Each structure stands twice: as structure tokens, then as C-alpha cells.
Amino acid sequence: MRTMVDTTNFFTELEFGIAAFQDLKPKHVLSVSHNDGDGLTASALICKTMDFLRVERVQKIFERSESWENFFDSMMGKYKGIDAVFLTDLGAEEKQLCATFQKRKGVHLFILDHHKISSSEQVDAYPENVHSMNPTRFGLDGLRDIAGSTLTYLFCEKLSPRVRKLSWLPVVGMAGDILKSADKYVSCNKQVLDIALEEGVVSLHDGVAFLGGMAENKLQDTLSFSLLPFLKEIGGSHNKARELLTRAGIDPGKNVIALGNDDIEDVVKVVGEAIRGQTVLIAGKEGLLRHSFEYNFLVSIVGDKRHEDALRLLDLKKPQAVFVKEYTTYMQQLVTYLGRINSKISIEGSSYKFFELGPDATKQLVSDIASFTSVNNLLTREKLLVIAAKESGKEYKLSFRCTPEFVKAKKIGMGILIEKCSKKYGGRGGGHDLAGGWTMPVESYQEFKKNLKDIDAFI
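So for the sequence shown, our numbering puts the first residue at 51; every next one is plus one.
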């Protein structure tokens with residue numbers, strides 16, 4: 051696999067995949083995607099594009115809990131006549147997938163995944179019916195450079211000119227993966243954002259960027275719900291946010307979008323220069339759905355449990371009250387945990403900090419606590435973070451996060467580390483250099499927890 055960035059050959063491979071789809075002229079497509087904001091928007095892009103092309107399609111959203119062989123046996127048995135399959139924001143297990151589709155010569159697989167492919171899953175030669183357009187094969191970063199929905203858009207855009215009006219979908223999808231204000235977007239993600247701006251389906255708001263809290267009516271709530279940056283001095287507390295603003299002579303009831311230049315300078319003096327930036331507004335949407343990051347986050351929260359409701363959010367103009375309440379409740383949980391993370395008792399090794407959360411921590415919450423702890427540098431850059439929580443009576447979910455400095459110093463990313471851990475303790479997982487997830491049986495987890503020093507050994 052290439053380590054240098056080779057954008058030219060990536061786009062060549064993408065064009066080959068597009069041409070293969072056009073030559074195939076499929077009649078019945080199966081779309082399979084992940085259940086977070088990136089995966090759900092990618093799935094919506096595939097399905098809406100198939101609708102433009104008048105191709106029959108089936109949409110499946112899931113987190114894989116069985117082998118690909120068993121999954122596709124079930125799908126092909128249930129849905130007759132499938133001749134093309136799209137995997138979006140999923141599919142880094144390429145060796146397994148190639149073996150599965152070698153047995154299904156009449157079905158073409160199009161892999162539009164942006165996760166790093168582990169060494170054990172890398173493929174030298176693909177079957178004629180498997181088309182991998184994973185950009186990490188060409189050295190692109192699957193978060194900073196190109197999200198899963200970004201990759202999916204670049205594919206679909208070539209199939210129908212009508213897809214350009216859907217360019218707001220990948221802008222929503224990428225927001226939860228890039229985890230930066232819009233002025234810091236680069237590479238393919240920036241390319242697609244620019245298309246959406248040209249089409250008038252999004253606009254940029256200059257000023258301050260409190261990602262997570264931009265849809266709140268009052269500035270005090272914006273600050274307390276801000277995930278990027280997470281304001282440690284506030285710690286997710288609405289009261290502390292109000293007190294901080296009041297002491298500085300700033301009206302805590304002001305709306306963040308309506309802040310003037312003088313207001314912005316006053317807020318910057320209180321919380322620092324890091325809050326300056328651009329945010330993306332989605333045309334024709336209201337409330338939480340008007341703001342790309344908050345829209346993505348809401349879709350991910352709902353999609354963790356209810357796929358159909360999450361997909362429905364992508365067609366709404368304004369979120370219903372039940373969704374707003376779900377967002378508010380979840381955000382309060384998340385910022386509260388982030389505010390406590392440094393004070394919680396942890397198990398610590400030379401290269402890691404390990405936290406086990408309580409029974410109220412959902413799989414999505416575990417992942418988000420890990421992500422925003424890492425991206426906000428709430429823990430030392432020299433150590434990776436592992437957060438674990440019981441997902442069900444039978445399994446534990448673990449999230450791994452680290453900084454670019456950690457990867458550079460230790461010469462190992464989270465995806466490779468999880469691969470090493472899972473080889474010894476079982477379970478399933480993977481990820482990027484900076485982030486990854488691992489799900490494992492309770493018995494295996496207990497054994498792993500007794501031997502956390504293995505993390506140091508694997509590094």
C-alpha cells in the first residue's frame with residue numbers, strides 16, 4: 051500500500067470504478083452503509099442517485115456484527131436480482147470481501163470506504179467484480195482529506211448532474227469526521243464544500259465557531275455545549291458559562307449567529323483566539339438542521355439506535371421536538387463526562403490511559419467522549435486514550451484515540467494497535483491512525499483488562 055499521497059492515481063482509480071458501474075448498467079442495487087452521520091449521508095447519496103437513474107435499490111444501515119459472508123448470504127437470499135452492491139463508510143476488510151464476491155461473479159461490489167486498511171486485509175489483485183476506491187490506498191488521510199460521504203459524492207456526481215444539488219449532504223457528513231471549523235477544510239473535503247457553495251446549497255458564517263452549540267438560542271448555552279473547542283473552564287456547565295459571560299459584561303442571552311464584530315472581540319477576550327472560524331449553514335433548513343456540524347451530530351445520535359428516523363432527518367426542513375430533546379439530553383451527558391474526564395480514576399500505563407464508564411454510556415457516547423477528549427487535548431499528547439463501556443450483556447465497546455504527535459513518536463496508529471490487540475483477545479474492530487473502535491465479548495474484555503500492559507507491549 052502506498053504511503054506517499056498519490057492524488058492523481060486515486061482519481062484515476064475512482065474514474066475506473068465509475069466507468070465499471072456505467073458499463074454494468076445495473077438493474078437492482080444494494081446500498082450498505084454505517085450508522086453515523088458520515089455513513090448515513092453517504093447512503094442517502096447512493097440511494098438518491100439511483101433514484102435519479104431510475105435504478106431499483108435497497109438501503110441497509112448497520113454496524114457489522116456478523117461475517118461479510120453470512121451478511122451477503124442473507125441479503126442475496128432476501129433480495130433477488132441484486133447485481134451491484136455499494137459499501138459506503140464500510141469495507142476496510144477487503145481481503146474478506148474479495149473472497150466473498152469471488153463466489154458471486156454476477157454481482158459487482160463497489161467499495162467507497164475511507165478507513166485505513168489493515169496489513170492483514172490488504173489486497174494485491176482484485177477480482178474483476180470488486181472495485182475498491184479507498185483513498186487511503188493512495189496515501190490520502192481518511193479524515194482530514196476525504197470523508198466517506200465526500201468519496202461517495204465524488205463517485206455519484208459523475209453519474210448524474212442532478213447530484214450537484216445534493217452536495218450539502220456530504221458537507222453534513224464530513225463535518226463529524228473533520229472536527230474542525232470550515233475555514234480549515236482541505237483537499238477533497240474542501241473541494242466538495244466549494245461545490246456546495248457554488249450551488250448555493252450551503253453558505254459560510256464568519257465569526258466564531260463553537261461546534262456543537264451553534265444552534266442554541268442563548269450564548270451561555272452555546273458555550274456550555276461547545277465540543278470544538280470544549281471550554282475546560284466551563285466544563286459543560288450552563289451556570290458557569292452564564293457567570294463567565296456576565297463577569298465580562300457580555301449578555302449571556304445573545305444569539306451566537308447574531309453577534310457583531312465588537313461582540314465577537316469581547317467573547318474572544320474571554321475564551322481565547324481558538325474560537326475564531328467559519329461554520330457552514332445549510333440552505334432551506336432550520337434549527338439544528340441549519341448547522342452542518344450539529345446536523346451531523348443529531349443524525350449520528352439518532353442513527354445509533356434508529357436508522358429510519360436518522361435517514362428521515364435528512365429529508366426534513368426542521369427537526370421535530372423529540373429530536374431536539376434527544377440532542378439536548380445527549381449533549382448534556384457528553385459535556386458533563388468531558389468536564390469530569392480528568393478527575394475520573396483511570397488505569398495508566400507508560401503509553402496509555404484507560405477509563406471504564408458506567409452503564410448509562412451508550413456505544414455512541416463512548417466513541418464521542420474518546421473523540422472529543424483527544425481532539426481537545428484534554429489528556430497528555432504522549433499517551434493514547436482507551437475508553438470502555440458495556441454495550442450489552444454480552445459485549446464491551448472500546449474506543450481508542452490519540453494525537454498526531456503520538457503516532458509520530460510511537461510509529462503506530464490506532465487501527466494497527468487494535469489489529470494487534472484483537473489478534474490476541476478476539477473481537478472485531480479497526481480504524482484510522484488517530485481513532486478506532488473495538489468490540490469484544492465480556493469474557494475477552496475481562497481478560498484484556500487484567501493485561502492492559504499488553505498495550506505498552508504492542509506499542
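Beta carbons are placed, not taken as given, at the ideal position from N, Cα and C, and that holds for glycine. Keep in mind that this is a model prediction, so the values were computed, not measured.
Self-check item: Span separating the alpha-carbon of P454 from that of K130
Solution: Roughly 46 Å separates the two Cα atoms.
Practice problem: Could you pull the start and end residues of the beta strand (DSSP E) that L435 belongs to? | Solution: 434-440
Quiz item: Cβ of F439 within 9 Å of Cβ of E406?
Solution: In the sequence on display, residue 439 carries Ala and not Phe. It is a contact, given that the beta carbons lie within the stated cut-off.
Quiz item: Among C238, A371, L429, Q414, which residue has its Cα nearest to the Cα of S396?
Solution: L429
Exercise. Please go through the same chain and pick out, in chain order, the residues whose beta-carbon is closer than 8 Å to the beta-carbon of K77, but skip the five residues on each side of it.
Key: V105, E106, G131, D133
Quiz item: Counting pairs of Cβ atoms below 8 Å between the region 379-387 and the region 241-260, do you hit three or more?
Solution: no
Practice problem: Can you have a look at K282 and say buried or exposed, based on whether 16 or more other CB atoms are within 10 angstroms of its CB? | Solution: exposed
Quiz item: What residue does the beta strand (DSSP E) around E106 start on, and which one ends it?
Solution: 106-111
Quiz prompt | Cβ neighbours of S494 in the same chain (closer than 7 Å, five flanking residues each side left out) | solution = Here the set comprises Y475, G476, G477.
Quiz item: Terminal residues of the continuous alpha helix (DSSP H) containing V221?
Solution: Its alpha helix (DSSP H) spans residues 218-228.
Quiz item: Using the C-alpha atoms, what's the distance from N346 back to V222?
Solution: 5 Å
Practice problem: Leaving aside the five residues before and after G156 along the sequence, list all residues of the same chain whose C-beta is less than 7 Å from its C-beta, in chain order. | Solution: D133
Exercise. Would you mind sorting E469 into buried or exposed? The rule is 16 or more other CB atoms within 10 Å of its CB.
Key: buried
Quiz item: Is DSSP giving G127 helix, strand or coil here?
Solution: In the structure shown, the three-state DSSP call for G127 is helix.
Practice problem: Just the C-alpha distance for L295 and P279, rounded to the nearest angstrom, thanks. | Solution: 17 Å
Quiz item: Cβ of I167 within 9 Å of Cβ of R194?
Solution: no
Quiz item: Going by alpha carbons, who is nearest to L339 out of R326, E119, R362?
Solution: R362
Exercise. From the DSSP output, in three-state form, read off F404 for me.
Key: strand
Quiz item: Mapping DSSP to helix, strand and coil, what is A134?
Solution: strand
Quiz item: Quick one: any contact between the region 210-224 and the region 81-99, if contact means 3 or more CB pairs under 8 Å?
Solution: yes
Quiz item: In whole angstroms, what separates the C-alpha of S540 from that of C471?
Solution: Outside the displayed range of the chain (51 to 509) lies residue 540, so it cannot be described from this structure.
Quiz item: DSSP on M51, reduced to helix/strand/coil?
Solution: Residue confidence for M51 is low, a pLDDT of 47 falling below 50, so the modelled location carries little weight; the figure read from the coordinates is stated next. Correct three-state label for M51: coil.
Self-check item: Proximal residues to F498 (C-beta, below 6 Å), its chain only, five neighbours per side dropped
Solution: Y475
Quiz prompt | Classification of Q152 by the beta-carbon crowding that lies within 10 angstroms, buried from 16 upward | solution = exposed
Quiz item: For the 8 Å Cβ check, are there 3 or more pairs between the region 361-375 and the region 398-417?
Solution: no
Quiz item: Got a sec, what are the start and stop residues for the alpha helix (DSSP H) H288 sits in?
Solution: Taken as a continuous stretch (DSSP letters only), the alpha helix (DSSP H) holding H288 covers 288-297.
Exercise. Using DSSP bridges, identify the partner residues of L490.
Key: Note that residue 490 is Met in the sequence shown here, rather than Leu. Looking at the DSSP assignment, M490 forms a beta bridge with Y446.
Self-check item: Simplified DSSP state of R154, which is helix, strand or coil
Solution: coil
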